[in-house]
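Read top to bottom, the protein sequences are chains G and V.
In case it helps, the numbering used here puts the first sequence at residues 142 to 549.
In case it helps, the numbering used here puts the second sequence at residues 142 to 549.
Note that beta-carbon positions come from the ideal geometry of N, C-alpha and C, so glycine has one too.
Below you'll find the structure, written out as structure tokens, and then a few comments.
2 protein chains.
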Amino acid sequence: MTHQILSDGSATTPRGFSAAAVAAGIKQSGRPDLVLVFSDRDCTAAGVFTRNRVAAAPVIVDRATLATNNSAIRGVVINSGNANACTGEPGLANAREMQRLASEELGGRPDQYLVMSTGVIGVPLPIERVRSGILIAAPSLSPDNGIAAAEGIMTTDTRPKHLAIEIQLPGGTVTLGGMAKGAGMIHPDMATLLGVVTTDAAVSADDLATMLREAADRSFNAISIDGDTSTNDTILLLANGAGGVSVNDAESRELFANALNELCHALAMMVVSDGEGVTRVVTVHVTGARTESDARRVANTIATSPLVKTAFAGGDPNWGRILAATGRSGVDLDQSRLALWIGVGDEPPLQIVRDGTPTNFVEADAAAVFAQPAFTVRVDLGDGSAETVLWTTDLTHDYVTINADYRT
Amino acid sequence: MTHQILSDGSATTPRGFSAAAVAAGIKQSGRPDLVLVFSDRDCTAAGVFTRNRVAAAPVIVDRATLATNNSAIRGVVINSGNANACTGEPGLANAREMQRLASEELGGRPDQYLVMSTGVIGVPLPIERVRSGILIAAPSLSPDNGIAAAEGIMTTDTRPKHLAIEIQLPGGTVTLGGMAKGAGMIHPDMATLLGVVTTDAAVSADDLATMLREAADRSFNAISIDGDTSTNDTILLLANGAGGVSVNDAESRELFANALNELCHALAMMVVSDGEGVTRVVTVHVTGARTESDARRVANTIATSPLVKTAFAGGDPNWGRILAATGRSGVDLDQSRLALWIGVGDEPPLQIVRDGTPTNFVEADAAAVFAQPAFTVRVDLGDGSAETVLWTTDLTHDYVTINADYRT
């Protein structure tokens with residue numbers, strides 16, 4: 142069973158997809174900010190959206206669109222530089238206008254286009270610029286523009302995030318491609334996470350929805366953490382069947398789902414490691430919980446604790462803060478049963494706490510782990526067999542700099 | 142009714158109380174780190190403790206002590222520089238040893254002394270240094286050492302926090318005094334908050350417990366936010382009756398409770414404004430909620446959002462982040478009913494959002510508010526009449542610096 146990862150692949154690697162990215166003047170920087178992703182035929186489609194009760198206009202419009210049309214989608218229009226969030230009725234009208242403009246330039250009906258926006262919240266979308274951008278972008282659609290599209294959706298990202306995977310199914314080879322952007326906070330306040338995943342396999346809309354939800358939970362939702370999402374977070378999955386291979390039997394479904402999981406996980410890890418000001422990526426593994434929800438609560442509290450994250454930034458094995466975060470997670474636990482390990486890669490981890498009490502570990506060994514750019518923290522609650530894994534980052538000066546001055 | 146605030150007052154301003162502060166070598170800096178607060182007669186006492194499930198040894202010992210003796214307390218032994226948290230059975234033995242050493246030097250039984258610790262977590266308490274400190278401190282007890290005691294409990298605090306209030310009760314004048322320390326994060330991860338409040342009024346232990354709980358909820362718990370407390374957080378209230386005035390009628394109780402509220406609030410505000418790296422103190426006022434719990438959830442989410450707090454640091458009126466935090470609070474709400482105002486002091490506030498949509502406010506006016514060292518953010522959910530107020534701070538480079546290198 143071949144299974145090939147194409148690190149220079151993108152959302153246009155699957156057959157039948159093309160893209161365009163232009164600078165429409167929405168970003169003050171003058172960098173590309175208007176992106177089209179287009180399929181030469183109708184796609185089945187699914188989306189995973191923010192759970193934030195303050196949802197941006199494009200999220201509201203996409204939810205409504207997919208509710209009535211999830212099997213004849215032709216493309217996605219994305220702007221960066223403005224989130225079209227907290228913009229009221231005019232914002233909704235602008236999101237719908239993006240659909241209409243796309244259909245005018247690319248053919249089909251407005252409800253065959255999905256929309257995404259990312260950038261500053263609460264500022265009216267400069268719809269005239271979006272219109273000009275779509276006009277300029279449409280003629281330049283090309284399968285070669287997949288990476289340019291990944292660049293065009295960036296905000297505070299420092300590098301584009303894209304990937305493709307080719308897999309051999311019983312019926313033939315299919316390709317999955319994707320791109321993502323994230324302000325990379327990996328945080329309850331994570332600025333917008335956007336992702337577009339495409340495939341030339343033929344997959345029913347229902348299967349797409351199920352598989353995307355699962356893949357997102359193990360990837361994007363394990364970095365954005367427990368539904369604490371921005372106003373705009375959206376992952377879209379489009380399948381156009383251009384490869385002539387159907388995913389309609391159990392084996393194909395499993396292989397396809399695995400590849401989708403892998404693609405989403407890889408994109409999510411690119412988002413984490415490009416997080417704002419990030420110098421370390423930390424895997425938070427919570428085991429021994431009564432329920433997965435308990436494990437998740439503890440992991441989430443650790444992963445979002447400013448005191449823990451600043452200790453990561455300083456490379457300081459201040460493990461007491463990890464236990465303190467565990468204790469305030471709201472999960473009922475017995476501190477005398479807590480255990481803590483830290484470790485790097487496949488090396489045997491260093492046990493720091495046993496039965497709630499520090500072991501006689503060597504401080505320098507702990508410091509050596511926290512000095513790495515990537516390491517794992519495992520907390521065992523000693524209370525069951527449920528577990529979870531989240532990925533988080535350190536909290537650095539650069540994070541403060543980026544976010545204190547984001548709008549200016 | 143006289144009611145006098147003594148800004149140079151402290152925990153030793155009420156009659157019968159004395160204090161001592163010495164450098165016992167627990168802090169690497171060599172600054173004072175061992176403090177005694179002593180009453181010349183038995184006190185009724187109450188405590189409010191962290192809700193963290195990982196509770197430090199002194200918290201466990203104080204809870205147990207007050208459960209069997211809340212009417213014959215003689216004093217408090219406090220060390221800074223080491224939290225005696227996550228230290229297992231040896232930690233508990235050390236906390237009890239602090240009680241025993243105090244009783245040996247100051248008289249009475251071990252269970253007549255309460256203990257507090259603040260500092261690094263997970264490092265064994267250097268009990269020999271604590272012992273030496275108690276030996277040196279005991280002979281120097283004096284009513285003049287109240288401010289020195291407030292200095293001796295500091296960790297990353299930049300200034301001591303102390304205050305006294307004199308009030309006229311029907312039965313005569315009584316004095317309340319207090320000191321506090323906080324790493325001042327005003328955050329779920331707030332490093333330890335300690336407070337000692339004393340009074341020369343005679344108050345029953347039951348009344349003390351009720352009044353302290355109420356006062357803490359409106360002050361320390363409105364900055365430490367929703368029970369998300371450190372392993373060590375403790376507020377103690379001791380009443381020795383040395384002034385010969387009893388608080389045992391409704392009017393006295395009300396006047397005394399008001400003064401206690403005011404004292405705790407003033408100490409809490411000192412903690413906020415001395416928060417780590419803090420340059421702005423922000424009042425978060427949530428109104429129009431269905432329940433107070435909803436209001437608190439929204440306020441808590443806003444008050445702890447790194448994106449909101451970095452925007453405060455940058456003086457950037459990035460109000461969209463406030464609405465985004467509101468939306469992800471987990472409270473069911475209708476974004477089209479949200480309203481937002483910002484304002485300074487008693488000036489009429491500037492309305493930024495009405496019906497979920499930005500007003501035509503002038504950007505420069507919003508920037509002028511966010512440039513202030515103290516301002517108020519009010520979010521109205523348009524859904525009821527419950528409300529709450531919390532106090533928070535900005536998140537600055539200095540916060541990262543202090544916390545990335547706290548142990549080193």
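Practice item. Look at the Cβ atom of V/T445, then the Cβ atom of V/G287, and state whether they are nearer than 8 Å. Key: Looking up residue 445 of chain V in the second sequence gives position 304. Looking up residue 287 of chain V in the second sequence gives position 146. It is not a contact, given that the beta carbons lie outside the stated cut-off.
Point to revise | Three-state class that DSSP yields for V/P499 in the structure shown | key: Against the second sequence, residue 499 of chain V aligns to sequence position 358. Note: V/P499 maps to strand in three-state DSSP.
Review point. Taking V/G429 as the reference, which of V/A480, V/A234, V/N220 and V/N211 has the closest Cα?
Key: For the purposes of this step, residue 429 of chain V is identified with residue 288 of the second sequence, where counting begins at 1. When each option's Cα is compared against that of V/G429, the closest is V/A480.
Review point. What is the DSSP secondary structure of G/L310, counted as helix, strand or coil?
Key: By one-based count along the first sequence, residue 310 of chain G stands at place 169. G/L310: strand per DSSP, three-state reduction.
Point to revise | Cβ contact check for the region 261 to 281 of chain V and the region 298 to 314 of chain V: 3 or more pairs under 8 Å | key: no
Point to revise | Beta bridge counterpart(s) of G/R519 as assigned by DSSP | key: Counting from 1 along the first sequence, the entry for residue 519 of chain G is found at position 378. G/H426 and G/W482, per the DSSP bridge assignment.
Review point. Excluding the five sequence neighbours on either side, which residues of its own chain have a C-beta within less than 6 Å of the C-beta of G/A343, listed in chain order?
Key: Walking along the first sequence from the start, residue 343 of chain G turns up at place 202. Cβ neighbours of G/A343 beyond the five flanking positions: G382 and S387.
Check your understanding: So the beta strand (DSSP E) G/D435 belongs to, where does it begin and stop?
Key -> To locate residue 435 of chain G, count along the first sequence from 1; it is residue 294. It is not in any beta strand (DSSP E) - G/D435 instead sits in the alpha helix (DSSP H) that spans E433 to T445.
Check your understanding: Is the CB-CB distance between V/V439 and V/L522 below 8 Å?
Key -> Position 298 of the second sequence, counted from the first residue, corresponds to residue 439 of chain V. Position 381 of the second sequence, counted from the first residue, corresponds to residue 522 of chain V. Their beta carbons are under 8 Å apart, which means V/V439 touches V/L522 by this criterion.
Check your understanding: In this structure, what does DSSP give as the bridge partners for G/K168?
Key -> Translated into the one-based positions of the first sequence, residue 168 of chain G becomes position 27. DSSP output for G/K168 lists no bridge partner at all.
**Study point:** Neighbourhood of G/H144 by C-beta, 6 Å cutoff - its chain only, sequence neighbours within 5 removed
**Key:** On the first sequence, position 3 is the one that residue 144 of chain G refers to. Closer than 6 Å at Cβ, skipping near neighbours: I308.
Practice item. Give the single residue among G/R431, G/D539, G/R156 and G/R272 whose Cα lies nearest to the Cα of G/D415. Key: For this step, residue 415 of chain G is matched to residue 274 along the first sequence. Comparing Cα positions, the closest option is G/D539.
Review point. Between G/V163 and G/T339, what straight-line distance do the alpha-carbon atoms span, to the nearest angstrom?
Key: Walking along the first sequence from the start, residue 163 of chain G turns up at place 22. Walking along the first sequence from the start, residue 339 of chain G turns up at place 198. Distance between the alpha carbons of G/V163 and G/T339 is about 21 Å.
Exercise for review: Indicate whether V/A229 and G/T498 have their beta-carbon atoms separated by less than 8 Å.
Suggested key: Here the question's residue 229 of chain V lines up with position 88 in the second sequence. Here the question's residue 498 of chain G lines up with position 357 in the first sequence. Looking at the sequence itself, residue 229 of chain V is Gly, so the reference to Ala does not match. Closer than 8 Å, so yes.
Review point. With 16 as the cutoff for other CB atoms within 10 Å, does G/R182 come out buried or exposed?
Key: Taking the first sequence and counting its residues from 1, the one referred to as residue 182 of chain G is at position 41. Counting Cβ neighbours within 10 Å, G/R182 comes out exposed, since fewer than 16 surround it.
Exercise for review: Assign V/G248 to buried or exposed, taking buried as 16 or more other Cβ atoms, counted over all protein chains shown, within 10 Å of its Cβ.
Suggested key: The count along the second sequence starts at 1 and reaches residue 248 of chain V at position 107. It is exposed - the Cβ of V/G248 has fewer than 16 other Cβ atoms within 10 Å.
Check your understanding: Curious, which full-length beta strand (DSSP E) runs of at least 3 residues does the region 360 to 422 of chain V contain?
Key -> 375 to 380
Review point. So what does G/C184 bridge to, in DSSP terms?
Key: For the purposes of this step, residue 184 of chain G is taken as residue 43 along the first sequence, with counting starting at 1. DSSP output for G/C184 lists G/I214 as bridge partner(s).
Practice item. Assess, as a yes-or-no matter, whether the region 523 to 530 of chain G is touched by the region 471 to 479 of chain G under the definition of 3 or more beta carbon pairs within less than 8 Å. Key: yes
Review point. Helix, strand or coil for V/I146 per DSSP?
Key: On the second sequence, position 5 is the one that residue 146 of chain V refers to. Here V/I146 sits in strand by DSSP.
**Study point:** Reference G/V218; option with closest CA among G/V264, G/I268 and G/Q169
**Key:** For this step, residue 218 of chain G is matched to residue 77 along the first sequence. Per the Cα distances, G/I268.
Check your understanding: Which runs of the alpha helix (DSSP H), 4 residues or longer, sit entirely within the region 205 to 283 of chain V?
Key -> 229 to 247 and 268 to 278
**Study point:** Spatially closest choice to G/S360 from G/N441, G/L175 and G/L531, by CA coordinates
**Key:** For the purposes of this step, residue 360 of chain G is taken as the residue at position 219 of the first sequence. Nearest of G/N441, G/L175 and G/L531 to G/S360, Cα basis: G/L531.
Check your understanding: If we cut at 8 Å on Cβ distances, does G/D330 have a partner in chain V?
Key -> Mapped onto the first sequence, residue 330 of chain G falls at position 189. Bear in mind that the predicted position of G/D330 carries a pLDDT of just 42, short of 50, making it too unreliable to give a figure here.
Check your understanding: Which value, in whole angstroms, describes the spacing of the CA atoms of G/M331 and G/S371?
Key -> Here residue 331 of chain G corresponds to residue number 190 of the first sequence, with the count starting at 1. Here residue 371 of chain G corresponds to residue number 230 of the first sequence, with the count starting at 1. In this prediction, G/M331 scores a pLDDT of 42, lower than 50, which makes its location untrustworthy; no coordinate-derived value is stated.
Practice item. May I ask you to report which of helix, strand or coil DSSP gives G/Q513? Key: Numbered from its first residue, the first sequence carries residue 513 of chain G at position 372. The DSSP-derived three-state label of G/Q513 is coil.
Check your understanding: Rounded to the nearest angstrom, how far is the Cβ of V/T375 from that of V/L335, given a contact under 8 Å?
Key -> For this step, residue 375 of chain V is matched to residue 234 along the second sequence. For this step, residue 335 of chain V is matched to residue 194 along the second sequence. Going by Cβ atoms, the distance from V/T375 to V/L335 rounds to 6 Å, so yes, they are a contact pair.
Review point. On the three-pair Cβ rule with 8 Å, is the region 454 to 467 of chain G touching the region 168 to 181 of chain V?
Key: In short, these stretches do not touch, since the Cβ pair count stays below three.
Check your understanding: CB V/A290 to CB V/V261, shorter than 8 Å?
Key -> Within the second sequence, numbered from 1, the residue matching residue 290 of chain V stands at position 149. Within the second sequence, numbered from 1, the residue matching residue 261 of chain V stands at position 120. No, they are not a contact pair.
Practice item. Have a look at the DSSP bridge pairing and note the partners of V/F190. Key: As a position in the second sequence, residue 190 of chain V is number 49, starting the count at 1. Answer by DSSP bridge pairing, in chain order: V/T375.
Check your understanding: If we call anything under 8 Å between Cβ atoms a contact, is G/N459 one with V/R469?
Key -> The residue you call residue 459 of chain G lines up with position 318 of the first sequence. The residue you call residue 469 of chain V lines up with position 328 of the second sequence. In this structure, V/R469 does not lie closer than 8 Å to G/N459 by Cβ.
**Study point:** Below-8 Å beta-carbon distance, G/I327 vs any chain V residue
**Key:** Here residue 327 of chain G refers to the residue found at position 186 of the first sequence. With a pLDDT of 41 at G/I327, under the threshold of 50, the modelled position of this residue cannot be trusted, and the question is left open.
Practice item. Return the chain-ordered list of same chain residues with a C-beta closer than 6 Å to the C-beta of V/R495, the five sequence neighbours on each side being excluded. Key: Within the second sequence, the letter at position 354 stands for residue 495 of chain V. If we look at V/R495 and ignore the five residues flanking it on each side, its Cβ neighbours are A480.
Point to revise | For G/F516 and G/R437, the rounded distance between their alpha carbons | key: Taking the first residue of the first sequence as position 1, residue 437 of chain G is located at position 296. Taking the first residue of the first sequence as position 1, residue 516 of chain G is located at position 375. About 19 Å.
Exercise for review: For V/A444, decide whether its Cβ has a neighbour in chain G, counting only Cβ atoms nearer than 8 Å.
Suggested key: Taking the second sequence and counting its residues from 1, one reaches residue 444 of chain V at position 303. By this cut-off, V/A444 is not an interface position.
Exercise for review: Kindly say whether V/R437, judged by its beta-carbon, lies nearer than 8 Å to any beta-carbon of chain G.
Suggested key: Counting from 1 along the second sequence, the entry for residue 437 of chain V is found at position 296. Cβ-Cβ to chain G under 8 Å: no for V/R437.
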